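A short write-up of the structure that comes next.
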Amino acid sequence: MLAKLASYTLIGIEAAPVEVEVDVSPAAQPSTVLVGLAEAAVRESTHRVERAIINSGFRRTTDRLVINLAPADLRKDANGFDLPIALGTLVGSGQIELERLGNLAVVGELALTGETRPIKGALAMALAAAAEGRKGLLVPTANALEAAVVEDLDVYPIGSLAEAVGFLTGQLDLEPTSVDLDDVFSRCSHVEEDFSDVKGQDYAKRALLIAAAGGHNVLMIGPPGTGKTLLARRLPTILPPLTPGESLETTRIYSAMGLLPAGQALMATRPFRSPHHSVSDAGLVGGGTTPQPGEISLAHKGVLFLDELPEFNRKTLEVLRQPLEEGSVTISRALRSVTFPAEFILVAAMNPCPCGYRSDPRRACTCSPPQVERYLSKISGPLLDRIDLHVEVPAVPFTQLSEAPSGPSSETLRAQVLEARARQAERFGSRGPLTNGRMTPRLIRKHCPLKPEAASLLKGAMEELGLSARAHDRVLRVARTIADLDGSPDIQPHHLAEAVGYRTLDRSYFA
């Protein structure tokens, strides 16, 4: 007999439909053949499926078993074919009839006991099933919550092969999983970090406020222990809360990588990623024989923090240039190209020299000029050009640490960010960019006109600092954000002066 079931495989963070065909025919000796361009993990599934069938109380087929995963030219690399193969085997051998299968799709990995195990990419598969017009999707119980956030799709949690058989044969009733999104966001959106924890560093806090309001990239330079990491980790707390659409985009990436926290349907907070400086090119931007998302995609809609920036491999840093401009990264291989979202705020931190104390008045720097030059040369000019705000983070005096009152809380700063973002949303409309940091040159010319005094100031800054055309546009973007925080419809000279001030530090260090 021949059995057919609908399933899905992952390609990057997207799911592609796969038809699982199982044919059982008489043979002198039992044998199993798996075809359809299956990877090693899928080919090994036949052994798991065989023991899961026996340990679930069904009999092992003694006939010839041919399993085809169609389409034949699509590489299958996922762990979700165990359950559809097992069900197809039971149908093909005449042990069961699937009365309820209808327009349902099935995914799931099986243990040798017949119980289901979680799979990667359940959310992407649910989205693909809904796009195909499927009525429902059977998934492992551990994946039911993330798949159930998709509307117009019934998601049935399956705990074992026996439970799947009972449901599909009509012997067992299962209720579709439902998710209360409001409860998810209220329960999972709490964070411990707060900007009030940081004493002093008002200039750096102001820069991070501008970065959050306009989606700008930041570079912090200062001696060790001045609070650069402390500040960076608190940037997500002043960013606007994730919208349902943004949460779905972020969750799809984490689901495909198997990084979604257990029992959590959606990502409720902005991601914060801080890779070690030994990260490879593929680990940072994505890659591999079968392309997988990298750290920049895991930071999508959140913050990517690169601490000790000069310690990163220069070639690794250079691959950031295109994603910083476009908000996405395309990984090309011989068979296909995959595009991953990568819209994040880059926050980089570094010391001013190898010993770290070049700008610290309390300790003498032991580095020679050639050592400092080699250290700073690891960061290229084109990469610096793509960072809007260059901020010096000096050592905090003891009096500020012991006596200074707490600064504004994250809630207070977030209120200012939300007001500035609301002005940007009104300016750009539904079809424009979300933030000033993503303005195109045409939008800059339209929304950033300068009065003669401000234009003269910018001209002088460009000539004195040697700013590039890209830096010119980035100064205008930052000035537009500062004006939005100030509630001003026009860019005033003092707004532009502050924006230019965030571009002068790199000249004193990197010139």
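Going by our numbering, the final residue of the sequence shown carries number 1749, and the count climbs one at a time with no gaps.
Where a beta carbon is used, it is the ideal one built from N, C-alpha and C, also for glycine.
Here the structure is a predicted model, which means the values were calculated and not measured.
Inter-residue Cα distance where the pair is residue i and residue j
i: K1539; j: T1488; result: 7 Å
i: K1358; j: A1537; result: 18 Å
i: T1507; j: V1541; result: 11 Å
i: M1495; j: E1546; result: 26 Å
i: K1697; j: G1704; result: 10 Å
i: A1450; j: A1349; result: 46 Å
i: E1413; j: E1401; result: 13 Å
i: K1750; j: C1603; result: Nothing can be reported for residue 1750, as the shown portion of the chain is limited to 1239 through 1749.
i: F1666; j: A1520; result: 35 Å
i: C1756; j: L1457; result: No answer is possible for residue 1756: it lies beyond the span of the chain, which begins at 1239 and ends at 1749.
i: G1725; j: P1479; result: 21 Å
i: T1750; j: V1567; result: Not covered by the structure: residue 1750. The range shown for the chain is 1239 to 1749.
i: A1254; j: S1493; result: 15 Å
i: A1660; j: D1435; result: 27 Å
i: G1463; j: E1564; result: 34 Å
i: A1580; j: L1544; result: 15 Å
i: A1316; j: L1473; result: 36 Å
i: E1353; j: P1395; result: 12 Å
i: G1452; j: A1658; result: 8 Å
i: L1621; j: I1534; result: 15 Å
i: T1554; j: L1447; result: 28 Å
i: E1282; j: A1290; result: 13 Å
i: G1751; j: L1406; result: Not covered by the structure: residue 1751. The range shown for the chain is 1239 to 1749.
i: T1247; j: A1362; result: 9 Å
i: P1727; j: Y1613; result: 42 Å
i: A1709; j: D1623; result: 6 Å
i: R1652; j: T1475; result: 7 Å
i: L1342; j: A1445; result: 52 Å
The alpha helix (DSSP H) enclosing residue i, as first and last residue numbers
i: M1700; result: 1690 to 1703
i: P1731; result: 1731 to 1739
i: I1476; result: Where I1476 is concerned, there is no enclosing alpha helix (DSSP H), given that its DSSP letter is neither H nor E.
i: T1284; result: 1283 to 1293
i: F1578; result: Here F1578 belongs to no alpha helix (DSSP H); instead the beta strand (DSSP E) covers 1575 to 1579.
i: R1683; result: 1679 to 1685
i: Y1613; result: 1607 to 1614
i: Q1654; result: 1648 to 1666
Closest by C-alpha distance to residue i, when choosing among the options
i: Q1439; options: N1455, D1420, D1421, I1459; result: I1459
i: L1477; options: P1264, T1650, G1295; result: T1650
i: L1337; options: L1325, L1348, R1559; result: In the sequence under discussion, the amino acid at residue 1337 is Glu, which differs from the Leu named in the question. Here the closest residue by C-alpha is L1325.
i: H1754; options: G1725, P1727, A1717; result: Absent from the model: residue 1754. The displayed extent of the chain is 1239 to 1749, so no value can be given.
i: G1594; options: E1630, E1581, Q1560, V1585; result: E1630
i: V1256; options: A1266, A1244, V1262, N1674; result: A1244
i: L1240; options: E1657, Y1740, V1329; result: V1329
i: A1367; options: A1308, A1385, S1427, E1353; result: A1385
i: Q1267; options: I1625, D1623, T1300; result: T1300
i: R1676; options: F1433, F1582, E1277, V1258; result: F1582
i: A1692; options: V1738, H1285, C1591, N1455; result: V1738
i: A1388; options: S1694, G1371, V1610; result: The question names Ala, but residue 1388 is Val in the sequence shown. Ranking S1694, G1371, V1610 by Cα distance to V1388 puts G1371 first.
i: Q1638; options: G1465, R1708, R1652; result: G1465
i: L1688; options: A1699, P1731, E1701; result: P1731
i: F1656; options: S1694, T1719, E1556; result: The residue asked about is misnamed: residue 1656 is Leu in this sequence, not Phe. That would be T1719, whose Cα lies nearest to the Cα of L1656.
i: D1390; options: A1364, P1482, L1399; result: A1364
i: A1700; options: F1550, I1491, T1742, V1557; result: At residue 1700 the sequence reads Met, which differs from the Ala that was named. Of the listed residues, the one whose Cα sits closest to M1700 is T1742.
N-terminal and C-terminal residue of the beta strand (DSSP E) that residue i is part of
i: Y1246; result: 1240 to 1249
i: F1543; result: 1541 to 1544
i: N1306; result: 1302 to 1308
i: E1259; result: 1252 to 1263
i: F1423; result: Per DSSP, F1423 belongs to no beta strand (DSSP E); it is in the alpha helix (DSSP H), 1419 to 1426.
i: T1568; result: 1566 to 1570
i: L1584; result: 1583 to 1588
Expected contact under 8 Å - CB spacing of residue i and residue j to nearest Å
i: I1750; j: G1619; result: Nothing in the structure corresponds to residue 1750, since the chain is present only between 1239 and 1749.
i: D1711; j: I1682; result: 6 Å
i: V1344; j: L1376; result: 5 Å
i: R1571; j: P1529; result: 6 Å
i: A1360; j: V1422; result: So it is not a contact: roughly 16 Å between Cβ atoms.
i: A1276; j: K1314; result: 5 Å
i: D1392; j: G1408; result: At roughly 16 Å, the Cβ-Cβ gap does not stay under 8 Å, so D1392 and G1408 are not in contact.
i: I1292; j: R1298; result: 5 Å
i: S1647; j: F1433; result: 6 Å
Per DSSP, cross-strand counterpart(s) of residue i
i: I1396; result: P1378
i: H1628; result: L1457
i: P1531; result: G1524
i: K1314; result: A1276
i: E1347; result: R1355
i: R1511; result: L1542
i: S1331; result: In DSSP, S1331 forms no bridge with anything.
i: T1270; result: L1303
i: L1342; result: G1374
Residue-chain proximity (residue i, chain B), Cβ-Cβ < 8 Å
i: A1721; result: In summary, chain B is missing from the structure at hand, where a single protein chain is found.
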